[in-house]
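Trainee: Here it is, the structure, as structure tokens.
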Amino acid sequence: MLPTRPISALSTLAVALISIPLTSALSGIVTDPTQVDKQTFDYVVVGGGLGGLVVANRLSENPDISVLVIEAGADNRDDPRIYDPSQYSVAFGTELDWNWPSSQGRSIKGGKTLGGSTSINGLAQTRGQRAQYDALATFLNNDDGGGYWNWQGMFTGMLKSEGFSAPNDQQKEAGASSNPAFHNDSGPLQVTYPDGIYHGPHQKYFRDVVSSNFSLVASQDADDGFANVVAFHPNTIAWKDSGHRSSSATAYFTPVSERSNLAILTSQLATKILFDTSASTPKATGVEFGTSNGDRYTVNAGREVIISAGAIQTPALLQLSGVGDSSLLNGLGIDVVADLKGVGKNLQEQTMDSVGWTPVDGFDPQGTGPSDMIAYPDLLSLSSSSQNDIASAITSNVGSYAQDAYRAGAVVSVDAAEKIFSIQQELMVNRSVGLVEAFFDTGFPNGGLGIDLWQLLPFSRGTVSIKSNDPFTYPTVDPRYFAADVDMQIQIAGLRMARKIFQTDPLKSIVTEENAPGFDTVPENNGDGGSDEDWRAWIQQGFSSVHHPIATCSMMSQDLGGVVGSDLRVYGTSNLRIVDASVLPMQLSAHLSATLYGLAENAADM
Ligand SMILES: Cc1cc2nc3c(=O)[nH]c(=O)nc-3n(C[C@H](O)[C@H](O)[C@H](O)COP(=O)(O)OP(=O)(O)OC[C@H]3O[C@@H](n4cnc5c(N)ncnc54)[C@H](O)[C@@H]3O)c2cc1C
Ligand SMILES: *[C@@H]1O[C@H](CO)[C@@H](O)[C@H](O)[C@H]1NC(C)=O
Ligand SMILES: *[C@@H]1O[C@H](CO)[C@@H](O)[C@H](O)[C@H]1NC(C)=O
Ligand SMILES: *[C@@H]1O[C@H](CO)[C@@H](O)[C@H](O)[C@H]1NC(C)=O
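If you use mature numbering (1 follows the signal peptide of the UniProt record, and there is no 0), the sequence shown corresponds to residues -25 to -1, 1 to 581, in order.
Shown next, in the form of structure tokens:
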């Protein structure tokens, strides 16, 4: 990311002279906030997670540029709950997890530690469908940001981040394969297959059943932009470092932690973006931060403030700072800096249920994982009977979903929602993108074999809104799960397919009975795979969030409810950008991180 306008050596010097003492003395991990108080850095980055650490690394490649990252969590790189992939989920609900309560009694998890959610996530590394990346520019009146916001631009960014190690012989024998044309072996993020990859027959059986009986292609490498396939996927595992987790912290900070122009302040919450409102366009000048004991400090940004606090905290921080829908801010007594209606709207989150089967006696998975076999069924491969139902449910209801989302305050206008939904509809009905993820899981649920299933592309839109002007009070997070009924219909179709996959040989030959939901809860009525009503009741009661919130500060034109433009600058302000999941305007048929690394690399390249 280049500065707003070229700053001459002379004016840089002037800045340095005015702001005493010299900031370049601060580097590495800093835990004492008084060392940062009233200092000036060229860039102040809020949030040391995925987006923040990519940008901080790339900006500080220039030794003349000083960068400060403020991270709410601590540096826990030495904690096995973080670095050991086999401890996935142990961090949930601890001090390492924001664990935001959301509506319908659910919660959304997110890493509150250096590396953000990449320090606690599931390590699945997947890319979406080419058409989904090409759609990014269509939310911006076809402004692709100079080539960044389409498949080619995002592929370039994703490659830049990737340090891939192709499967070795034992991993190939277990089924893994890759095509070098779609990988880079020298980027920072370590990507490979598990040493403990399963050698049991089950992952291959899943692949064979899905490809033979559910008309999805078994891909040799699903990272090629054709994601509506079944394939072995790699993981963010550090092959250069004992098979530990590769996070944004270990990939983008550890190797450059000696840089004298890069500092990370930990365990401090950014509480407000500071603006110079005397300018015709409010200009971000710095950040206020502190802890819940009431201490407050400030730091100045000579060039820009970059917000990378993730899709829940980024809109909350903007609202606290006076950037958001004036009707929300007025009610909380917050002075409006920019009346930007889209902040906190357009929230999209997915919903997960797991179908579980008990393996036959003596079944041995022959490995420790993590699991790395995923299918992304598209409209055609989701059972032929529900195909037309789903297509017509989408096309005939888009108008009413748009009105419903508007009534709920989740979109800026009915027109905007209709335009957004028409792009989404075309991808789902005409472009063969995966509609659900079927993640084939070993050891889950109930210690057996399972399929974790989620609807990928919800039409339900929700909101993130602060409920107080206290920055330590969590915002209200309402994804409006299943507000659009087609989301439920697709979830049901996916789960029915998941059950059927286990009822098909050869997978059928290694399982005995369904233990979740089980045929008592969702009976087979003459082989119908379970009624809609039974599935619906079970889903409503037991679904969880997928922890993939996005789009609350979307990169879209302002009339669609966008918050940033193709240059990631916040509309109606200057010197302020956002680089995190909140700018992604629509879900992809993929896990999010590979795409977000590409997005952040592109942001840093601007
Ligand atoms: C449980 C879980 C499992 C997942 N599994 C996968 C997976 O298998 N594969 C995959 O690709 N993706 C997965 N994801 C998603 C992926 O990790 C996230 O989408 C991605 O990390 C989001 O990047 P980000 O930069 O938006 O936010 P984050 O990486 O979450 O970073 C935001 C950072 O900002 C900090 N912060 C927030 N507010 C403030 C503030 N006010 N002041 C200072 N700091 C602040 C946070 O503490 C955090 O460190 C998973 C996510 C979770 C939570
Ligand atoms: C691989 O990554 C390195 C480091 O980010 C980058 O310089 C290089 O251009 C990348 N190669 C490709 C083919 O993208
Ligand atoms: C699955 O596909 C295989 C290969 O085409 C076929 O032999 C088998 O009968 C199919 N199974 C079912 C249950 O349709
Ligand atoms: C999308 O597919 C539907 C159903 O097959 C068809 O009626 C429609 O014309 C297609 N739309 C586009 C833009 O191709």
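By construction, the Cβ of each residue, glycine as well, lies at the ideal position given by its N, Cα and C atoms.
To the nearest angstrom, report how far apart residue 491 and residue 417 are at their CA atoms.
Mentor: Position 516 of the sequence shown, counted from the first residue, corresponds to residue 491. Position 442 of the sequence shown, counted from the first residue, corresponds to residue 417. Distance between the alpha carbons of residue 491 and residue 417 is about 14 Å.
Trainee: Give me the Cα-Cα distance between residue 158 and residue 58, rounded to the nearest whole angstrom.
Mentor: Here residue 158 is taken as the residue at index 183 of the sequence shown, counted from 1. Here residue 58 is taken as the residue at index 83 of the sequence shown, counted from 1. Roughly 24 Å separates the two Cα atoms.
Trainee: Note down the Cα distance separating residue -6 from residue 40, rounded to an integer number of angstroms.
Mentor: To locate residue -6, count along the sequence shown from 1; it is residue 20. To locate residue 40, count along the sequence shown from 1; it is residue 65. Bear in mind that a pLDDT of 43 at residue -6, under 50, signals an unreliable position, so the number given afterwards is only what the model happens to contain. Rounded to the nearest angstrom, the two C-alpha atoms are 16 Å apart.
Trainee: Alpha carbon to alpha carbon, how far is residue -4 from residue 313?
Mentor: Your numbering for residue -4 matches position 22 in the sequence shown. Your numbering for residue 313 matches position 338 in the sequence shown. In this prediction, residue -4 scores a pLDDT of 45, lower than 50, which makes its location untrustworthy; the coordinate-derived value is nonetheless stated afterwards. Taking the straight line from one Cα to the other gives about 33 Å.
Trainee: Check residue 132 in the structure and name its three-state DSSP category.
Mentor: Along the sequence shown, one-based indexing puts residue 132 at 157. In this structure, residue 132 counts as helix in the three-state DSSP scheme.
Trainee: Candidates 446, 475, 344 and 402: which alpha carbon is nearest residue 358's?
Mentor: Counted from its first residue, the sequence shown places residue 358 at position 383. Here the closest residue by C-alpha is 475.
Trainee: Express the C-alpha separation of residue 429 and residue 455 in angstroms, rounding to a whole number.
Mentor: As a working note, residue 455 is residue 480 in the sequence shown. As a working note, residue 429 is residue 454 in the sequence shown. If you take the alpha carbons of residue 455 and residue 429, they lie about 15 Å apart.
Trainee: Between residue 523 and ligand 1, is there a pair consisting of the residue's CB and a ligand heavy atom that are separated by less than 7 Å?
Mentor: The residue given as residue 523 occupies position 548 in the sequence shown. True, at least one ligand heavy atom lies under 7 Å from that Cβ.
Trainee: Mapping the DSSP letters down to three states, classify residue 476 as helix, strand or coil.
Mentor: For the purposes of this step, residue 476 is taken as residue 501 along the sequence shown, with counting starting at 1. Helix.
Trainee: Let me check one thing: in DSSP terms, what residues is residue 348 bridge-paired to?
Mentor: Walking along the sequence shown from the start, residue 348 turns up at place 373. According to DSSP, which records beta bridges pairwise, residue 348 is partnered with 207 and 415.
Trainee: Note down, in chain order, each residue of its chain lying with its Cβ closer than 7 Å to the Cβ of residue 486, except the 5 sequence neighbours on either side.
Mentor: By 1-based counting over the sequence shown, the position of residue 486 is 511. Excluding positions up to five away in sequence, the list reads 332, 333, 334, 335, 424 and 477.
Trainee: With distance defined between alpha-carbon atoms, name the residue in 171, 53, 239 and 66 nearest to residue 24.
Mentor: In the sequence shown, residue 24 corresponds to position 49, counting from 1. Measuring from the Cα of residue 24, the nearest candidate turns out to be 239.
Trainee: How about residue 91: is its Cβ closer than 7 Å to a heavy atom in ligand 1?
Mentor: The sequence position of residue 91 within the sequence shown is 116, counting from 1. Because some heavy atom of ligand 1 lies under 7 Å away, the Cβ of residue 91 counts as near it: yes.
Trainee: Is residue -5 helix, strand or coil by DSSP?
Mentor: Your numbering for residue -5 matches position 21 in the sequence shown. Residue placement at residue -5 is flagged as unreliable, the pLDDT there being 42, under the threshold of 50; a coordinate-derived value is accordingly withheld.
Trainee: Could you tell me whether any non-hydrogen atom of ligand 3 is closer than 7 Å to the CB of residue 187?
Mentor: Position 212 of the sequence shown, counting from 1, holds the residue named residue 187. Yes, Cβ of residue 187 sits closer than 7 Å to a heavy atom of ligand 3.
Trainee: Taking residue 290 as part of the beta strand (DSSP E), name the residues at either end of that continuous run.
Mentor: Locating residue 290 in the sequence shown gives position 315, counting from the first residue. Not the beta strand (DSSP E): residue 290 falls in the alpha helix (DSSP H), residues 285 to 295.
Trainee: Skipping 5 residues on each side, what residues in its chain have a beta carbon closer than 8 Å to that of residue 552?
Mentor: Along the sequence shown, read from residue 1 onward, the residue named residue 552 stands at position 577. The answer, listed in chain order, is -25, 279, 280, 281, 282, 539, 542, 543, 544, 545 and 578.
Trainee: Tell me, to the nearest whole angstrom, how far the beta carbon of residue 275 is from that of residue 260; I am working on the premise that it is less than 8 Å.
Mentor: The count along the sequence shown starts at 1 and reaches residue 275 at position 300. The count along the sequence shown starts at 1 and reaches residue 260 at position 285. Yes, they are in contact, since the Cβ atoms of residue 275 and residue 260 sit about 6 Å apart, within 8 Å.
Trainee: Taking only heavy atoms of ligand 2 into account, decide whether any of them is closer than 7 Å to the Cβ of residue 484.
Mentor: Here residue 484 is taken as the residue at index 509 of the sequence shown, counted from 1. No, Cβ of residue 484 sits at least 7 Å from all heavy atoms of ligand 2.
Trainee: Please find out if some non-hydrogen atom of ligand 1 comes closer than 7 Å to the beta-carbon of residue 577.
Mentor: Taking the sequence shown and counting its residues from 1, one reaches residue 577 at position 602. No; taking the cut-off as 7 Å, the Cβ of residue 577 has no heavy atom of ligand 1 nearer than that.
Trainee: What is the residue span of the alpha helix (DSSP H) that residue 379 lies within?
Mentor: Walking along the sequence shown from the start, residue 379 turns up at place 404. Where residue 379 is concerned, the enclosing alpha helix (DSSP H) stretches over 359 to 382.
Trainee: With DSSP run on the structure shown, which of helix, strand or coil describes residue 247?
Mentor: In the sequence shown, counting from the first residue as 1, residue 247 sits at position 272. It is a strand residue.
Trainee: Quick one: using the 10 Å Cβ neighbour count with 16 as the cut-off for buried, is residue 36 buried or exposed?
Mentor: Along the sequence shown, read from residue 1 onward, the residue named residue 36 stands at position 61. Exposed is the call here.
Trainee: Is it buried or exposed, residue 297, if we count other Cβ atoms within 10 angstroms and call 16 or more buried?
Mentor: For the purposes of this step, residue 297 is taken as residue 322 along the sequence shown, with counting starting at 1. It is buried - the Cβ of residue 297 has at least 16 other Cβ atoms within 10 Å.
Trainee: Near residue 301, which residues of its chain fall below 6 Å by C-beta distance, leaving aside the five closest residues on each side in sequence?
Mentor: The residue labelled residue 301 in the question sits at position 326 within the sequence shown. Only 311 and 314 meet the Cβ criterion.
Trainee: Check for me: the beta strand (DSSP E) holding residue 425 runs from which residue to which?
Mentor: Here residue 425 refers to the residue found at position 450 when the sequence shown is read from its first residue. Taken as a continuous stretch (DSSP letters only), the beta strand (DSSP E) holding residue 425 covers 424 to 430.
Trainee: Spatial neighbours of residue 105 within its chain, please: CB distance less than 8 Å, with the 5 preceding and 5 following residues excluded, ordered by chain position.
Mentor: Taking the sequence shown and counting its residues from 1, the one referred to as residue 105 is at position 130. Only 126, 200 and 201 meet the Cβ criterion.
Trainee: Where does residue 118 sit, in a helix, a strand or coil, going by DSSP?
Mentor: For this step, residue 118 is matched to residue 143 along the sequence shown. Residue state, collapsed to three classes: coil.
Trainee: Would you say the region 131 to 140 touches the region 153 to 169, given that touching needs at least three Cβ pairs under 8 Å?
Mentor: In short, these stretches touch, since the Cβ pair count reaches three.
Trainee: Using CA atoms only, rank isn't needed, just tell me which of 408, 338, 399 and 527 is closest to residue 350.
Mentor: As a working mapping, residue 350 is identified with position 375 in the sequence shown. Ranking 408, 338, 399 and 527 by Cα distance to residue 350 puts 408 first.
Trainee: So, for residue 508: in the same chain, excluding its five sequence neighbours on each side, which residues have a beta-carbon less than 7 Å away from its beta-carbon?
Mentor: Residue mapping note: residue 508 aligns to position 533 of the sequence shown, counting from 1. Cβ neighbours of residue 508 beyond the five flanking positions: none.
Trainee: For residue 360, which of 469, 143 and 527 has the nearest alpha-carbon?
Mentor: Translated into the one-based positions of the sequence shown, residue 360 becomes position 385. Nearest of 469, 143 and 527 to residue 360, Cα basis: 469.
Trainee: Rounded to the nearest angstrom, how far is the Cβ of residue 434 from that of residue 376, given a contact under 8 Å?
Mentor: Looking up residue 434 in the sequence shown gives position 459. Looking up residue 376 in the sequence shown gives position 401. With a Cβ gap of about 5 Å, residue 434 and residue 376 count as contacting.
Trainee: Going along the chain, which residues of its own chain have a beta-carbon closer than 8 Å to the beta-carbon of residue 22, five neighbours each way excluded?
Mentor: The count along the sequence shown starts at 1 and reaches residue 22 at position 47. If we look at residue 22 and ignore the five residues flanking it on each side, its Cβ neighbours are 44, 45, 46, 47, 91, 245, 282, 283, 284, 285, 288, 289 and 555.
Trainee: When the Cα atoms are used, what is the spatial distance from residue 415 to residue 341?
Mentor: Residue mapping note: residue 415 aligns to position 440 of the sequence shown, counting from 1. Residue mapping note: residue 341 aligns to position 366 of the sequence shown, counting from 1. If you take the alpha carbons of residue 415 and residue 341, they lie about 15 Å apart.
Trainee: Determine, using beta carbons only, whether residue 355 and residue 190 come nearer to each other than 8 Å.
Mentor: By 1-based counting over the sequence shown, the position of residue 355 is 380. By 1-based counting over the sequence shown, the position of residue 190 is 215. Contact flag set, yes.
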